[in-house]
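Protein chains: 2
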Amino acid sequence: MHLFYTPDINSNIYQLSEEESKHCIKVLRLKINDEVNLVDGKGGLYLAKVTNDHPKRTILSIINHQQQFGKRNHYLHIAVAPTKNIERFEWFLEKATEIGVDEITPIICEHSERKEIKIERSNKIITSAVKQSLKAYHPKLNEAITFANFLNIATADAKFIAHCHQNTKQNIESGFAKYQKYLILIGPEGDFSQTEINGALQNGFVPISLGNSRLRTETAALAACFEVNYLNKV
Amino acid sequence: MHLFYTPDINSNIYQLSEEESKHCIKVLRLKINDEVNLVDGKGGLYLAKVTNDHPKRTILSIINHQQQFGKRNHYLHIAVAPTKNIERFEWFLEKATEIGVDEITPIICEHSERKEIKIERSNKIITSAVKQSLKAYHPKLNEAITFANFLNIATADAKFIAHCHQNTKQNIESGFAKYQKYLILIGPEGDFSQTEINGALQNGFVPISLGNSRLRTETAALAACFEVNYLNKV
Numbered sequence: 074m075h076l077f078y079t080p081d082i083n084s085n086i087y088q089l090s091e092e093e094s095k096h097c098i099k100v101l102r103l104k105i106n107d108e109v110n111l112v113d114g115k116g117g118l119y120l121a122k123v124t125n126d127h128p129k130r131t132i133l134s135i136i137n138h139q140q141q142f143g144k145r146n147h148y149l150h151i152a153v154a155p156t157k158n159i160e161r162f163e164w165f166l167e168k169a170t171e172i173g174v175d176e177i178t179p180i181i182c183e184h185s186e187r188k189e190i191k192i193e194r195s196n197k198i199i200t201s202a203v204k205q206s207l208k209a210y211h212p213k214l215n216e217a218i219t220f221a222n223f224l225n226i227a228t229a230d231a232k233f234i235a236h237c238h239q240n241t242k243q244n245i246e247s248g249f250a251k252y253q254k255y256l257i258l259i260g261p262e263g264d265f266s267q268t269e270i271n272g273a274l275q276n277g278f279v280p281i282s283l284g285n286s287r288l289r290t291e292t293a294a295l296a297a298c299f300e301v302n303y304l305n306k307v
Numbered sequence: 074m075h076l077f078y079t080p081d082i083n084s085n086i087y088q089l090s091e092e093e094s095k096h097c098i099k100v101l102r103l104k105i106n107d108e109v110n111l112v113d114g115k116g117g118l119y120l121a122k123v124t125n126d127h128p129k130r131t132i133l134s135i136i137n138h139q140q141q142f143g144k145r146n147h148y149l150h151i152a153v154a155p156t157k158n159i160e161r162f163e164w165f166l167e168k169a170t171e172i173g174v175d176e177i178t179p180i181i182c183e184h185s186e187r188k189e190i191k192i193e194r195s196n197k198i199i200t201s202a203v204k205q206s207l208k209a210y211h212p213k214l215n216e217a218i219t220f221a222n223f224l225n226i227a228t229a230d231a232k233f234i235a236h237c238h239q240n241t242k243q244n245i246e247s248g249f250a251k252y253q254k255y256l257i258l259i260g261p262e263g264d265f266s267q268t269e270i271n272g273a274l275q276n277g278f279v280p281i282s283l284g285n286s287r288l289r290t291e292t293a294a295l296a297a298c299f300e301v302n303y304l305n306k307v
């Protein structure tokens, strides 16, 4: 069934935007009484039907809905340095959304070549993955922030930093507690600086290894998603 | 240190191809006595130095080498339907190489929209990922084959099929045995047909689920890589 992302839904009647109306009626060729799914990004999954097939102001009527659809049993926040090639970062946004993530913060590090991202464009990629993978929760994408400033505001039950320096590191599963709020730091192509690593350690981040392979930034960030989701499987 | 892929190395002297020579001398600007790494794709990792910096016929001399560098403790064969959008399949090739895979077979299924892939181009992507992630083993990419023909030749210690039909499925970790030869089937965007699933079951494939999320083909294939590698961590 076709799915629309409707974050502003607040009654039993919903009017699609002009763009979505056109998509619904002209592209998908839906007609009166055809059924669609809606997700609000906050856990709500709705079944609705077309009650007015106007190609610019399509009206949907809610038939039923459920809250907390696909609610996750933990909270995963990945703070990752955007890659020099933005496609690699955007790929991470899509895949992390599919696999399962709750919050993403782009962090600007000492060795970052990329200093900014386009939030609106990035959010569109996340929304597209939300729809494709039928998720009722929309991951939160924060504005980019410097690593130093992020350390000052970062909170979680379990905080990890994945870096490539030759220090003692543990696997993430060592002493892992399930159903927590996790925060994982992933550095840029040139890795975190020693100063950044020291700052993270002083703030209670545990250094972890994501295996023996030398992973690209976006692969490491996705590996962290996989591992945390895997370790929280019921 | 810079790394070259030299599958045909067979003595203590190696002459780079004209293209690689140009890259080595004109782009990387390496000079006599500069050191480089070589991998042969069969487990050999070499330390070599430039002994002739000719920009078309660069000569490297091996200083030392080790065999079975980064040898994996299991064998993972992923048979996956190439995606309609070839970039998604190519992305899988890169990421699977980084995470760890031994053999990949493109399978053409009943619901496949894409019927062929360019092996040479795909192999270049794998080679690039091999070099980037410093792997001495080069994953083997087979020619595309129909699903039916593949079933007739497919062998492994543990055979799995990941499909989206609502049959009984187990998680891959249920009764998982480590250090085996694994083969995992991943279907196209339209999933395997019921006939294909029946054929796989008759051939001893175990139906598995890769979690609760609805995953794209290439994400499912990578999820399988992650899980098998994770479950074989020592």
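Residue numbers (our numbering), protein chains in the order written: chain S, 74 to 307; chain E, 74 to 307.
C-beta: ideal position from N, C-alpha, C; glycine also.
- It is roughly 42 angstroms from the alpha-carbon of Pro-155 (chain E) to the alpha-carbon of Leu-224 (chain S).
- A contact is defined here as three or more CB-CB pairs under 8 angstroms, and the stretch 200 to 211 of chain S meets this definition with respect to the stretch 161 to 178 of chain S.
- Along the stretch 198 to 210 of chain E, the positions whose C-beta sits under 8 angstroms from a C-beta of chain S are Gln-205, Ser-206, Leu-207 and Lys-208, read in chain order.
- Note that the stretch 220 to 238 of chain E touches the stretch 252 to 260 of chain E; at least 3 beta-carbon pairs, one per stretch, sit closer than 8 angstroms.
- Taken in chain order, the members of the stretch 258 to 288 of chain E whose beta-carbon sits within less than 8 angstroms of a beta-carbon on chain S are Gly-284, Asn-285, Ser-286, Arg-287 and Leu-288.
- When DSSP states are grouped into helix, strand and coil, Ile-172 (chain S) belongs to the helix group.
- Counting other Cβ atoms within 10 Å of its Cβ, Lys-208 (chain S) reaches 16 or more and is therefore classed as buried.
- Per the coordinates, the alpha-carbon of His-150 (chain S) lies some 19 angstroms from the alpha-carbon of Ser-247 (chain S).
- The Cβ atoms of Asn-196 (chain S) and Leu-214 (chain S) lie closer than 7 angstroms to each other.
- At a cut-off of 7 angstroms between beta carbons, Thr-292 (chain S) contacts chain E.
- According to the DSSP assignment, Ser-134 (chain E) belongs to the beta strand (DSSP E) that extends over 132 to 139.
- Residue pairing for Ile-86 (chain E): DSSP places it in a beta bridge opposite E:Ser-134.
- Beta-bridge partners of Glu-108 (chain E) (DSSP): E:Lys-122.
- When DSSP states are grouped into helix, strand and coil, Thr-228 (chain E) belongs to the coil group.
- For Glu-163 (chain E), the closest Cβ of chain S is not nearer than 7 angstroms.
- Between Leu-304 (chain S) and Ala-296 (chain S), the C-beta spacing is not below 7 angstroms.
- Counted as a single uninterrupted DSSP element, the alpha helix (DSSP H) harbouring Ala-297 (chain E) occupies residues 290 to 304.
- Between the C-alpha atoms of Ala-273 (chain S) and Phe-278 (chain E) there is a straight-line separation of about 46 angstroms.
- Where Ser-201 (chain E) is concerned, the enclosing alpha helix (DSSP H) starts and stops at 192 to 205.
- At a C-beta separation below 7 angstroms, Lys-168 (chain E) has these neighbours in chain S: Thr-292.
- In the three-state scheme derived from DSSP, where H, G and I count as helix and E and B as strand, Ile-151 (chain E) is classed as strand.
- In the same chain as Lys-129 (chain S), and ignoring 5 residues on each side of it, the C-beta atoms closer than 6 angstroms to its own belong to Glu-91 and Ser-94, in chain order.
- Apart from sequence neighbours up to five positions away, no residue of its chain approaches Val-100 (chain E) with a beta-carbon distance below 6 angstroms.
- Under the three-state reduction of DSSP output, Lys-99 (chain S) falls in the helix class.
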